[in-house]
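Q: The structure follows.
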Amino acid sequence: MKHHSLKPVYLLLIFFASFTVSAQHTDSVTVRKSVDNFVQAFNALSWEPFRNSFTHDATIFFPDWEHASRRTGINEIENTWLQLFPEFKDKANTLKLNIDPKDILIQVFGNSAIVTFHLGNGEKYIARRTLIMVNENNTWKIAHLHASYVMKEE
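Okay, so the sequence shown: first residue is 13 according to the working numbering, each after it adds one.
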């Protein structure tokens, strides 16, 4: 008799567990779409969609020595990106990038997500990227970007 009284509890647990998995899958799909939009905007050097990929208080660790200190807030981030890629603001720009993330892993934790991927062919170096994303008003935005390189020893 006791086992029958637990049946509704088990069914409820199974329902919520499947709902959580479904919600995480849906979130990972929308996170991936936001990452794809960010990469497309970067490749096209399309400033407004690119800058709108970041939260207003985002932080970035750039991979080069000249910009090695943390950049905090949208103003510092914008200034640094525009130093690195003045083409973002050049209306006559024809430069296009070919950023092609590989081995993308998305981990969703409620209203935040961690996205990791590699760039490059891996022969002489691997470029690693980590995006910490947050859901702001049903839009996934980058709250932190960490960029690093690992060089192959010769």
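All C-beta atoms, glycine included, are put in the ideal place defined by N, C-alpha and C.
So is residue 65 buried or exposed if we call it buried at 16+ other beta carbons inside 10 Å?
A: Result: buried.
Q: Between the Cα of residue 200 and the Cα atoms of 103, 162, 128, which residue gives the shortest distance?
A: Limits of the chain in this structure are 13 at one end and 166 at the other, which puts residue 200 out of reach.
Q: Which runs of the beta strand (DSSP E) spanning at least 3 residues fall entirely within the segment 54 to 114, listed in chain order?
A: Entirely contained in the segment 54 to 114, the beta strand (DSSP E) runs reaching 3 residues are, in chain order, 66 to 73.
Q: Are the CB atoms of residue 113 and residue 51 nearer to each other than 8 Å?
A: Yes, the Cβ-Cβ distance between residue 113 and residue 51 is below 8 Å.
Q: State buried or exposed for residue 100, treating a residue as buried only when at least 16 other CB atoms are found within 10 Å of its CB.
A: Result: buried.
Q: Hey, out of 59, 41, 69, whose CA is closest to residue 157's CA?
A: Looking at the Cα atoms, 69 is the closest of the given residues.
Q: Compare the C-alpha of residue 72 against each of 125, 143, 104 and name the closest.
A: Looking at the Cα atoms, 143 is the closest of the given residues.
Q: Give, in chain order, every unbroken run of the beta strand (DSSP E) that is at least 3 residues long and sits entirely within the segment 124 to 154.
A: Within the segment 124 to 154, the complete beta strand (DSSP E) runs of at least 3 residues are 124 to 131, 137 to 148.
Q: Would you call residue 77 buried or exposed, if buried means 16 or more other Cβ atoms sit within 10 Å of its Cβ?
A: Classification of residue 77: exposed, given that the 10 Å Cβ count is below 16.
Q: Using a Cβ-Cβ cutoff of less than 7 Å, which residues in the same chain neighbour residue 59 once the five nearest sequence positions on both sides are dropped?
A: Cβ neighbours of residue 59 beyond the five flanking positions: 100, 101.
Q: If we count the other Cβ atoms within 10 Å of its Cβ and call it buried at 16 or more, is residue 48 buried or exposed?
A: Residue 48 should be labelled exposed.
Q: In whole angstroms, what is the alpha-carbon distance linking residue 95 and residue 63?
A: Distance between the alpha carbons of residue 95 and residue 63 is about 14 Å.
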